[in-house]
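Contents: one structure, followed by commentary.
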Amino acid sequence: MPTPPRYLAVLAALDAQVARLPPNSLLPTEEALATQFGVSRGTLRRALGFLQRSGRISRQRGQGTVVSPPRLIRHIIPVRTLEQDLAAQGVRLETRVLAYQPRVVPPADIRQRLALRRRSQPGYLALLRAVDGRPICFEQRYLAPAIARTFVPAQLGARPVIHALQDAAGQPIGRNAWRMEILPARGAVATALHLVPGVLTIVHTFTEYLSDGPPLDAGSVWYRLDRVAFEFVAVGPSLQFGPSPSG
Numbered sequence: 050m051p052t053p054p055r056y057l058a059v060l061a062a063l064d065a066q067v068a069r070l071p072p073n074s075l076l077p078t079e080e081a082l083a084t085q086f087g088v089s090r091g092t093l094r095r096a097l098g099f100l101q102r103s104g105r106i107s108r109q110r111g112q113g114t115v116v117s118p119p120r121l122i123r124h125i126i127p128v129r130t131l132e133q134d135l136a137a138q139g140v141r142l143e144t145r146v147l148a149y150q151p152r153v154v155p156p157a158d159i160r161q162r163l164a165l166r167r168r169s170q171p172g173y174l175a176l177l178r179a180v181d182g183r184p185i186c187f188e189q190r191y192l193a194p195a196i197a198r199t200f201v202p203a204q205l206g207a208r209p210v211i212h213a214l215q216d217a218a219g220q221p222i223g224r225n226a227w228r229m230e231i232l233p234a235r236g237a238v239a240t241a242l243h244l245v246p247g248v249l250t251i252v253h254t255f256t257e258y259l260s261d262g263p264p265l266d267a268g269s270v271w272y273r274l275d276r277v278a279f280e281f282v283a284v285g286p287s288l289q290f291g292p293s294p295s296g
């Protein structure tokens with residue numbers, strides 16, 4: 050029988066060590082851990098990478114490797130804004146406006162999702178969301194041109210972003226199309242979330258439509274895997290599984 054890779058034994062031992070430590074504890078340096086387990090730093094980094102991707106630890110430039118605290122819960126159903134969802138759990142959300150531009154040249158997919166004419170330019174809003182000073186997600190929104198002209202980012206704060214956008218539009222959201230996937234953090238996303246580039250994130254990509262049909266905004270929210278978990282609770286009419294397969 051072939052011998053299991055060495056990093057698997059290191060991974061099991063590290064996982065047990067992390068389980069005994071309180072949240073936010075700082076782990077020993079890579080050099081110290083490699084010496085402790087009698088392996089190369091390459092083998093150790095492979096084991097640490099598995100723990101990081103699972104959300105058990107986070108590795109940050111200039112801070113080292115720390116034990117992740119319990120994840121916040123983001124509910125998919127019932128549908129709520131991030132602000133409403135965390136407030137209902139007694140969690141205070143901090144919102145920081147990183148950038149706002151009333152006119153930008155958008156990526157091709159945003160132009161398509163907002164049904165923009167060739168020369169139309171949407172607004173651009175970048176937000177950092179944090180809890181207890183710890184970033185949990187980075188948000189980019191492209192606003193339909195008519196909305197971008199009247200939107201005032203100073204209106205934000207504890208108030209849900211979508212409420213400010215609906216006020217600027219003068220009508221509520223009628224439809225929300227979205228998808229979720231796991232993607233590596235790059236560039237501005239990694240910088241904003243204090244992540245090493247390439248670390249996986251959960252990405253919520255959305256397009257929101259006004260009640261009379263046209264798109265209000267489109268964008269994406271990148272969540273830190275080590276700080277947010279997602280929960281789906283369906284009750285009554287939400288449970289529509291369709292007919293059972295025959296045979």
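Sequence positions in the sequence shown follow the numbering used here and run 50 to 296. By construction, the Cβ of each residue, glycine as well, lies at the ideal position given by its N, Cα and C atoms.
How many Å lie between R152 and R190 at the Cα? 12 Å
From the DSSP output, read off the bridge partner residues of A213. Note: A213 sits in no beta bridge, so no partner.
Could you name the residues that DSSP lists as bridge partners for D158? According to DSSP, D158 bridges with nothing at all.
Rounded C-alpha distance that separates R129 from L82: 43 Å
Considering only the alpha carbon of each residue, which of P246, R276, L259, A195 lies closest to Q220? L259
In angstroms with no decimal places, state the Cα-to-Cα distance between L147 and H243. 14 Å
May I ask which residues mark the beginning and end of the beta strand (DSSP E) holding G223? 222 to 233
Residues of its chain near L165, where Cβ-Cβ distance is below 6 Å and the 5 sequence neighbours each way are ignored: none
Taking all protein chains shown into account, do 16 or more other C-beta atoms lie within 10 angstroms of the C-beta of E280, making it buried, or fewer, making it exposed? exposed
Look up P264 in the DSSP assignment and give the residues it is bridged to. Y258
Given 8 Å as the limit, is there contact between the stretch 161 to 181 and the stretch 99 to 113, that is, 3 or more CB pairs closer than that? no
Exposure of A96, with buried meaning 16 or more beta-carbon neighbours within 10 Å: buried
Assuming L174 and P202 form a contact by the criterion Cβ under 8 Å, report the distance between their Cβ atoms to the nearest whole angstrom. 7 Å
How would you write the range of the alpha helix (DSSP H) that G98 sits in, first residue to last? 90 to 102
Looking at C-alpha atoms only, which residue of P264, V180, I196 is the closest neighbour of D134? V180
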